[in-house]
Amino acid sequence: MTSEITLFVNPTAGRGRGAHAAQPAASALRDAGFSVRTVLGEDADDALRRAREAVAAGTGALIAVGGDGLMSLALQAVAGTSTPLGVVAVGTGNDFARALGLPIRDPAAAGRLAARALKEGGHRDIDLGRVGDRWFGSVLASGFDSRVNDRGNRMRFVGGRFKYDLAILAELAAFRPIPYRIRLD
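The working numbering puts the first residue of the sequence shown at 7, with every later residue one more than the last.
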């Protein structure tokens, strides 16, 4: 494995925590002997393109610093490759990191954990799901759940997990049944 690691950062995650979290995570990786390159995107599409380029170029690992949205992008970049994914969870919900039992809002601890796993081979494989060409690692939502999540993500006037409570109420008020069909292989 190459000693160059890519830090994939969403600086706006968790109301700006992503920008500040990158430094302690990078320091922990450098202290373990890794060379760290930081990747940011202008928007989600640009960020994903840059992460995929880093993976294609042979980065030793992609360490995602952000929330569940960035974790989703990171999964798109590493799924189907041998590139390890590290998680520095600093978003609002951090459901992906919680499901894996990883540190939440402690970037130095998450960086040390990732460095140790890379050095000692302590990584673990996880199962992913796929719908069309999109991979997911913790939750697949459709219908009402998906609408609540979309509305919550668009809310800028309220922060934290409370915005999803408000989104639930707003979607309940406007709810109409959504017909759909599921086919499983």
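Beta carbons are placed, not taken as given, at the ideal position from N, Cα and C, and that holds for glycine.
Original post:
Relative to the alpha-carbon of glycine 75, which residue among Ala95, Ala67, Asp131 and Ala62 has its alpha-carbon at the smallest distance?
Top reply: Position 69 of the sequence shown holds residue 75. Out of Ala95, Ala67, Asp131 and Ala62, Ala95 has the C-alpha closest to the C-alpha of glycine 75.
Original post:
Do you know offhand how far alanine 173's Cα is from glutamate 126's?
Top reply: The residue labelled residue 173 in the question sits at position 167 within the sequence shown. The residue labelled residue 126 in the question sits at position 120 within the sequence shown. Approximately 43 Å between the Cα atoms of the pair.
Original post:
Which residues bound the alpha helix (DSSP H) around glutamate 10?
Top reply: Within the sequence shown, the letter at position 4 stands for residue 10. Unbroken run through glutamate 10 is the beta strand (DSSP E), 10–15; no alpha helix (DSSP H).
**OP:** Find the nearest neighbour of lysine 169 within the set Phe181, Asp156 and Ala179, judged by alpha-carbon distance.
**Re:** Here residue 169 corresponds to residue number 163 of the sequence shown, with the count starting at 1. For lysine 169, the nearest C-alpha among the options comes from Asp156.
Original post:
If you drop the 5 nearest sequence neighbours on each side, which residues of the same chain put their C-beta closer than 8 Å to that of arginine 43?
Top reply: As a working note, residue 43 is residue 37 in the sequence shown. These residues qualify, in order along the chain: Glu10, Ile11, Thr12, Leu13, Ala60 and Thr65.
**OP:** Use the C-beta contact count for proline 90: other C-beta atoms within 10 angstroms, 16 or more gives buried, fewer gives exposed.
**Re:** Here the question's residue 90 lines up with position 84 in the sequence shown. Label assigned to proline 90: buried.
**OP:** Output the distance between the C-alpha atoms of leucine 68 and arginine 130, rounded to the nearest integer angstrom.
**Re:** Your numbering for residue 68 matches position 62 in the sequence shown. Your numbering for residue 130 matches position 124 in the sequence shown. Going from the Cα of leucine 68 to the Cα of arginine 130 covers about 14 Å.
Original post:
In angstroms, rounded to a whole number, what distance separates the CA positions of methionine 161 and valine 71?
Top reply: Along the sequence shown, one-based indexing puts residue 161 at 155. Along the sequence shown, one-based indexing puts residue 71 at 65. Computed Cα separation, rounded: 22 Å.
Subject >> DSSP state of alanine 123 mapped onto helix, strand, coil >> reply: Locating residue 123 in the sequence shown gives position 117, where the first residue counts as 1. Three-state DSSP puts alanine 123 in a helix.
Original post:
Helix, strand or coil: which one does DSSP assign to serine 152?
Top reply: Translated into the one-based positions of the sequence shown, residue 152 becomes position 146. In this structure, serine 152 counts as helix in the three-state DSSP scheme.
Original post:
What number of angstroms, rounded off, separates the C-alpha of leucine 16 from the C-alpha of alanine 53?
Top reply: To locate residue 16, count along the sequence shown from 1; it is residue 10. To locate residue 53, count along the sequence shown from 1; it is residue 47. The sequence as given places asparagine at residue 16; leucine does not occur at that position. Answer to the nearest angstrom: the Cα atoms are 9 Å apart.
Original post:
With a cut-off of 8 Å, do at least 3 Cβ pairs link the segment 111–124 to the segment 133–140?
Top reply: In this structure the segment 111–124 does not lie against the segment 133–140, because fewer than three pairs of beta carbons, one per stretch, are closer than 8 Å.
Original post:
If we count the other Cβ atoms within 10 Å of its Cβ and call it buried at 16 or more, is phenylalanine 40 buried or exposed?
Top reply: Counted from its first residue, the sequence shown places residue 40 at position 34. Under this definition phenylalanine 40 is a buried residue.
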